[in-house]
Every structure is written in C-alpha cells, then in structure tokens.
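Asks: Encoded as structure tokens, here's the structure I'll be asking about.
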Amino acid sequence: MPMNHRTIQRCCIVAGVGLLLWTSIEFFLLAFLTTRFMEGAGILLWLQGYLMALRSSPVGIAGALLVLFAFFMRRM
C-alpha cells in the first residue's frame, strides 16, 4: 500500500517536532547546569548560546527542515 501525501506530511511533522523538542530539552538542561556552576552567567547569555547551538546543530537543522517540508507539502 503506497503512502499518501497526508501520511508523509504527518510523519515529517512528528519527526521534525520530535527532533526539535529533544534538542531543546538537551540544550536547556545544559544551560540550567551551566547556571548552577557559573553563578555570573545571566539568562540572556545562555539563551543566546542556546539559539546559536540550535541553529548550528545538525539535529536542529534537520528538525526545522522536516517541519518546513511538511508545511510546503500541505500546499501541494
């Protein structure tokens, strides 16, 4: 049985959101631990580092591309 567009779209959304969620939890946990050990590190500093790491991480990029693919597939 071939997969239709709706099934592929749902798989891409679930996979992309799952990857982004997993990466976000991992980076936020690391940022929380960093603030525990480095008292002087402010929230804006680790938030900037989090966004930079998410943008440069292959997992973050793959998750964003899967979500974008699913969004553009809806327009087909």
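In terms of our numbering, the numbers along the sequence shown are unbroken and rise by one, the last being 547. We treat Cβ as the ideally placed atom computed from N, Cα and C, and that holds for glycine. From a predicted model like this one, the values you see are computed outputs, not experimental measurements.
How close, in whole Å, do the beta carbons of G552 and V538 come, if the pair is a contact with beta carbons under 8 angstroms?
Replies: A question about residue 552 goes unanswered here, because the residues of the chain that appear run from 472 up to 547.
Asks: The alpha helix (DSSP H) with E497 in it runs from where to where?
Replies: Segment 476-508, the alpha helix (DSSP H) holding E497.
Asks: I'd like to know whether the C-beta atoms of T494 and G520 end up nearer to each other than 8 angstroms.
Replies: No; because the gap between Cβ atoms is not below 8 angstroms, this pair is not in contact.
Asks: CB-CB under 8 angstroms to M544, same chain, minus the five flanking residues each way: which ones, in chain order?
Replies: Closer than 8 angstroms at the Cβ level, and outside the excluded window around M544, lie H476, I479, Q480, C483.
Asks: Around the Cβ of G511, are there at least 16 other Cβ atoms within 10 angstroms (buried) or fewer (exposed)?
Replies: G511 should be labelled exposed.
Asks: Could you check where the alpha helix (DSSP H) with G511 kicks off and where it finishes?
Replies: Where G511 is concerned, there is no enclosing alpha helix (DSSP H), given that its DSSP letter is neither H nor E.
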